[in-house]
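Worksheet: the structure to be examined is printed underneath.
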Amino acid sequence: MAKGYDAGSERFHEREKREKEYKKQLPGEDDEPLPPPVTPIESEEKPNRNDPCPCGSGRKYKQCCGKPGT
Ligand SMILES: [Zn+2]
Numbered sequence: 585m586a587k588g589y590d591a592g593s594e595r596f597h598e599r600e601k602r603e604k605e606y607k608k609q610l611p612g613e614d615d616e617p618l619p620p621p622v623t624p625i626e627s628e629e630k631p632n633r634n635d636p637c638p639c640g641s642g643r644k645y646k647q648c649c650g651k652p653g654t
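First residue of the sequence shown? That's 585 in this note's numbering, and the numbers climb one at a time after it.
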């Protein structure tokens with residue numbers, strides 16, 4: 585009785601084929617361009633004059649790089 589075996593084997597191969605096709609589809613879905621991440625654009629605002637200078641000197645901005653004339 586090879587009929588039952590053949591049917592099962594055919595089914596197995598069909599399933600394998602389907603799984604391959606299914607896996608083939610997955611990367612295609614990943615290829616969809618993702619929406620660009622929303623990142624706030626850092627505006628180059630001047631730091632507060634009384635804040636520590638961003639240059640890392642430890643001095644106040646107004647006494648360092650924010651000093652008028654420099
Ligand atoms: Zn500075």
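Where a beta carbon is used, it is the ideal one built from N, C-alpha and C, also for glycine.
Quick caveat, the model's predicted, so the values are computed rather than measured.
Asked                                                                                                                                             : Found
Compute the beta-carbon to beta-carbon distance between K646 and N634, rounded to the nearest angstrom, for a pair I have assumed lies under 8 Å. : 7 Å
In whole angstroms, give me the CA-to-CA distance for E570 and Y606.                                                                              : This structure cannot settle anything about residue 570, because the visible part of the chain is limited to 585 through 654.
What does the alpha-carbon distance come out to for the pair P631 and K604?                                                                       : 58 Å
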